[in-house]
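Q: Got a structure for you, written out below as structure tokens; questions coming shortly.
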Amino acid sequence: MGDFAGGVRGLAADVGAVMKLLQRLLAAAGKHVASSSGIHWVPLPAIGCALASGLLLLVSSGFQLAASNSRWITHAAGVGDYAIEDNRFDYYLAADPVILLPGTHLPFGIGMLLQAAGLTFLTAAVLMLRPRASAAVLHAQLLLGAAVAAGFALIGADSLRIAATGQISEASATDWLVVAIVFLTSPALLALGIMAWLRLPAVGIAMLFAQCASPIGYLAIAVLFAPAITGYAPYDATPGTETIVAIGSVAAGAAALLAAVQLIRKRLSGRDRNNE
Numbered sequence: 001m002g003d004f005a006g007g008v009r010g011l012a013a014d015v016g017a018v019m020k021l022l023q024r025l026l027a028a029a030g031k032h033v034a035s036s037s038g039i040h041w042v043p044l045p046a047i048g049c050a051l052a053s054g055l056l057l058l059v060s061s062g063f064q065l066a067a068s069n070s071r072w073i074t075h076a077a078g079v080g081d082y083a084i085e086d087n088r089f090d091y092y093l094a095a096d097p098v099i100l101l102p103g104t105h106l107p108f109g110i111g112m113l114l115q116a117a118g119l120t121f122l123t124a125a126v127l128m129l130r131p132r133a134s135a136a137v138l139h140a141q142l143l144l145g146a147a148v149a150a151g152f153a154l155i156g157a158d159s160l161r162i163a164a165t166g167q168i169s170e171a172s173a174t175d176w177l178v179v180a181i182v183f184l185t186s187p188a189l190l191a192l193g194i195m196a197w198l199r200l201p202a203v204g205i206a207m208l209f210a211q212c213a214s215p216i217g218y219l220a221i222a223v224l225f226a227p228a229i230t231g232y233a234p235y236d237a238t239p240g241t242e243t244i245v246a247i248g249s250v251a252a253g254a255a256a257l258l259a260a261v262q263l264i265r266k267r268l269s270g271r272d273r274n275n276e
């Protein structure tokens, strides 16, 4: 139990480092937005979509943190003969054998649906900023955005179904949609983030941090980053793994809100030039 507490303390100590990284990235985005974005006019719906995206991602992170709190704090002592670090308590794309913890699958499922909605609005904002882009570019962004939204929505729906039924169906671990999520969501979000960075860096940063909740992002955090951050590597799951995923959504929401602020400033500066 002492090692567990040490891991949690290590995670808390390193949250500040993650937020400092976000601050540096956002500062860099702020310096480059005026010169590199090439945005000459910002429509109001684009600002609204960026604001909605930021708020949805932040609310999503709250639900994710609630699920993580249920596992790592409320049920820190484990259940029965199983330590809470046991993979049976994993609720991200859960598969048998699994032990269902109260307060995990339901809030996590809601959080993933909100994440899907937030990234949909963020993609819409980027599309509105490219009225003169080629049809191929617009179609590519639209397809990538649809793939990302569908991926997170399916993750959320799977978690909500488990919360409602209390069990995992035989098909949930092998269904082709789940396989599609694993292989499409993460690379689609990466490609979309790169394209968004070229238009508005803050949006690209938001999508970078949203990658934490994607299947490949979650796997990287579980295997590499969580043990490195906490300094604690148990036999199965590292304490706070899902917390780090949720912090990624916090950072994504903050970056999306910064993008909205930058778009507002860009719109106001364009209006001032037109009035001169």
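Under UniProt numbering, the letters of the sequence shown match residues 1 to 276, in that order. For every residue, glycine included, the Cβ atom is placed at its ideal position computed from N, Cα and C.
If distances are taken between C-alpha atoms only, which option among Ala202, Val203, Leu142, Leu100 comes closest to arginine 161?
A: Within the sequence shown, residue 161 is the residue found at index 161, counting from 1. Comparing Cα positions, the closest option is Leu100.
Q: Using 8 Å for Cβ pairs, my map puts glycine 253 next to leucine 58. What's the rounded Cβ distance?
A: On the sequence shown, residue 253 is found 253 positions in, with the first residue counted as 1. On the sequence shown, residue 58 is found 58 positions in, with the first residue counted as 1. Confirmed, Cβ separation roughly 4 Å.
Q: In terms of DSSP beta bridges, what is valine 79 paired with?
A: Here the question's residue 79 lines up with position 79 in the sequence shown. Tyr82, per the DSSP bridge assignment.
Q: In whole angstroms, give me the CA-to-CA distance for alanine 140 and phenylalanine 121.
A: Position 140 of the sequence shown, counted from the start, is the residue given in the question as residue 140. Position 121 of the sequence shown, counted from the start, is the residue given in the question as residue 121. If I take the Cα positions, the gap works out to 16 Å.
Q: CB-CB under 7 Å to alanine 260, same chain, minus the five flanking residues each way: which ones, in chain order?
A: Locating residue 260 in the sequence shown gives position 260, where the first residue counts as 1. Around alanine 260: Ile47, Ala50, Leu51, Gly54.
Q: Mind reading off the beta-carbon distance from glycine 151 to isoleucine 181? Whole number of angstroms is fine, and I expect it under 8 Å.
A: Against the sequence shown, residue 151 aligns to sequence position 151. Against the sequence shown, residue 181 aligns to sequence position 181. Yes, glycine 151 and isoleucine 181 are in contact; Cβ-Cβ is about 5 Å, under 8 Å.
Q: Within this structure, are the beta carbons of valine 245 and alanine 213 separated by less than 8 Å?
A: The residue you call residue 245 lines up with position 245 of the sequence shown. The residue you call residue 213 lines up with position 213 of the sequence shown. Result yes, Cβ atoms of valine 245 and alanine 213 sit closer than 8 Å.
Q: DSSP three-state call for serine 60: helix, strand or coil?
A: Position 60 of the sequence shown, counting from 1, holds the residue named residue 60. In the structure shown, serine 60 sits in a helix (DSSP, three-state: H, G or I).
Q: Measure the alpha-carbon distance for alanine 136 versus methionine 128 and round it to whole angstroms.
A: For the purposes of this step, residue 136 is identified with residue 136 of the sequence shown, where counting begins at 1. For the purposes of this step, residue 128 is identified with residue 128 of the sequence shown, where counting begins at 1. Computed Cα separation, rounded: 15 Å.
Q: Would you grab the beta carbon distance between alanine 220 and alanine 188 for me? Rounded to a whole angstrom, and I think it's under 8 Å.
A: Within the sequence shown, residue 220 is the residue found at index 220, counting from 1. Within the sequence shown, residue 188 is the residue found at index 188, counting from 1. Wrong, their Cβ atoms sit about 16 Å apart, outside the cutoff.
Q: Reducing DSSP to helix, strand and coil, say where proline 239 ends up.
A: Indexing the sequence shown from 1 puts residue 239 at position 239. If DSSP states are grouped into helix, strand and coil, proline 239 belongs with coil.
Q: Quick check on the DSSP output: the alpha helix (DSSP H) that includes valine 203 runs from which residue to which?
A: Reading the sequence shown from its first residue, position 203 is the one you call residue 203. Per DSSP, valine 203 belongs to the alpha helix (DSSP H) from 201-210.
Q: Please report the distance separating the alpha-carbon of valine 126 from that of phenylalanine 209.
A: Sequence index remark: in the sequence shown, residue 126 carries index 126 (1-based). Sequence index remark: in the sequence shown, residue 209 carries index 209 (1-based). Roughly 17 Å separates the two Cα atoms.
Q: Identify, in the order they occur along the chain, each residue of the same chain with its Cβ nearer than 7 Å to the Cβ of tyrosine 82, setting aside the five sequence neighbours on each side.
A: Within the sequence shown, numbered from 1, the residue matching residue 82 stands at position 82. Arg88, Ile99.
Q: With the cut-off set at 8 Å, would you say glycine 217 and serine 159 are in Cβ contact?
A: Within the sequence shown, numbered from 1, the residue matching residue 217 stands at position 217. Within the sequence shown, numbered from 1, the residue matching residue 159 stands at position 159. No, the pair does not count as a contact, with Cβ atoms beyond the cut-off.
Q: Starting from valine 223, follow the alpha helix (DSSP H) in both directions and report where the run begins and ends.
A: Within the sequence shown, numbered from 1, the residue matching residue 223 stands at position 223. Note, valine 223: premise wrong, no alpha helix (DSSP H); not H, not E.
Q: Using a 10 Å radius around the Cβ and a threshold of 16 neighbouring Cβ atoms, would you call serine 35 buried or exposed?
A: In the sequence shown, counting from the first residue as 1, residue 35 sits at position 35. Low confidence applies to serine 35: its pLDDT is 44, below 50, so where it sits in the model is not reliable, and the reading given next is rough at best. Looking at its Cβ environment, which holds fewer than 16 other Cβ atoms inside 10 Å, serine 35 is exposed.
Q: Going by C-alpha to C-alpha distance, which of Thr238, Ala255, Leu258 sits closest to serine 68?
A: The residue labelled residue 68 in the question sits at position 68 within the sequence shown. The shortest C-alpha separation from serine 68 is found at Thr238.
Q: Quick check: threonine 243 and tryptophan 72, are their CB atoms within less than 8 Å of each other?
A: Counting from 1 along the sequence shown, the entry for residue 243 is found at position 243. Counting from 1 along the sequence shown, the entry for residue 72 is found at position 72. In contact: threonine 243 and tryptophan 72 (Cβ atoms closer than 8 Å).
Q: Quick check on alanine 94: does DSSP put it in helix, strand or coil?
A: Along the sequence shown, read from residue 1 onward, the residue named residue 94 stands at position 94. Note: alanine 94 maps to coil in three-state DSSP.
Q: Which term fits leucine 257, buried or exposed, when burial requires 16 or more other beta carbons within 10 angstroms of its beta carbon?
A: In the sequence shown, the residue the question calls residue 257 occupies position 257. By the neighbour-count rule (16 or more Cβ atoms within 10 Å), leucine 257 is buried.
Q: Measure the C-alpha to C-alpha separation of methionine 207 and glycine 248 and round it to an integer number of angstroms.
A: Locating residue 207 in the sequence shown gives position 207, counting from the first residue. Locating residue 248 in the sequence shown gives position 248, counting from the first residue. Looking at the two C-alpha atoms, the distance is approximately 10 Å.
Q: Give the straight-line distance between the Cα atoms of isoleucine 229 and aspartate 90, rounded to the nearest whole angstrom.
A: Walking along the sequence shown from the start, residue 229 turns up at place 229. Walking along the sequence shown from the start, residue 90 turns up at place 90. One C-alpha to the other measures close to 19 Å.
Q: Please classify leucine 198: does DSSP put it in a helix, a strand, or coil?
A: The residue you call residue 198 lines up with position 198 of the sequence shown. Three-state result, leucine 198: helix.
Q: Taking the alpha-carbon of leucine 184 as reference, which of Ile155, Ser70, Tyr235, Tyr92 has the nearest alpha-carbon?
A: To locate residue 184, count along the sequence shown from 1; it is residue 184. Taking only the C-alpha atoms, the option nearest leucine 184 is Ile155.
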